[in-house]
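In our numbering, the protein residues as written are 17 to 240.
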């Protein structure tokens, strides 16, 4: 049988070492030798002796998720084998953490990560319920984290004297040590008269970077 479908870049090959690699721009391959974590429902294929188990976030994390409707629903993958992860054909990126690194990530953008990484769901400082009640995941430790993003992300440097303002629906993540606060770009009167609909943004200050996606659109559930 012949087809471009069987081109070498599409073929899955046996992993040479345990851990995470990009299968292609839309899919992450993980050679499991012990345990790793992934968002629930993101596994698209696997081979070998693997077990998939729902993973709790602790009492505090589950409470925040129940209150806000957000969070990071995870599953633990244990055993020996290979698994492939993807989410709605979004672009995949692998972030390699070294000691001292810390990244704040929107839960919707997390695909999978090494069990050696630690994560904690936190309230984004300065962004209370008026800003959407932002609850993001802070990752620390040593290991790899795979992120997904609608389209190609934009990475914007943040400087001490050059804060960056981002739409809360577009932000993917940022350097965890940056200071956050809400910024109002329009007066209340302007909003009544008909503004841009983007009256409140998240302001980031310090030294670091912020990652945004080129879309504010939130996927809507299919209508039956």
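Glycine included, C-beta positions come from ideal geometry on N, C-alpha and C.
Residue i and residue j closer than 9 Å at C-beta
i	j	result
residue 197	residue 224	no
residue 170	residue 227	yes
residue 152	residue 107	no
residue 55	residue 128	yes
residue 113	residue 133	yes
residue 222	residue 182	no
residue 35	residue 130	yes
residue 70	residue 92	yes
residue 157	residue 229	no
residue 28	residue 37	no
residue 219	residue 199	yes
residue 45	residue 31	yes
Range of the contiguous beta strand (DSSP E) that encloses residue i
i	result
residue 156	151-157
residue 71	59-71
residue 112	107-113
residue 96	90-101
residue 53	43-55
residue 231	Run containing residue 231: none; DSSP gives neither H nor E here.
residue 197	195-200
residue 130	126-130
residue 29	Run containing residue 29: none; DSSP gives neither H nor E here.
residue 173	170-174
Buried or exposed by the 16-neighbour rule on C-beta atoms within 10 Å, applied to residue i
i	result
residue 115	exposed
residue 39	buried
residue 241	With the chain represented from 17 up to 240, any question about residue 241 goes unanswered, as that position is not in the structure.
residue 25	exposed
residue 125	buried
residue 186	buried
residue 90	buried
residue 178	exposed
residue 209	Confidence at residue 209 is low in this model, with a pLDDT of 48, below 50, so its placement is unreliable and no value can be given for it.
residue 206	No answer about residue 206 holds up, because its pLDDT of 48 lies below 50 and its placement is not dependable.
residue 217	buried
residue 162	buried
Rounded Cβ spacing between residue i and residue j (contact assumed at less than 8 Å)
i	j	result
residue 119	residue 68	Wrong, their Cβ atoms sit about 25 Å apart, outside the cutoff.
residue 51	residue 94	5 Å
residue 97	residue 117	28 Å between Cβ atoms; not a contact.
residue 58	residue 102	7 Å
Short CB-CB distance (under 9 Å) between residue i and chain C
i	result
residue 220	No chain C appears in this structure, which consists of one protein chain only.
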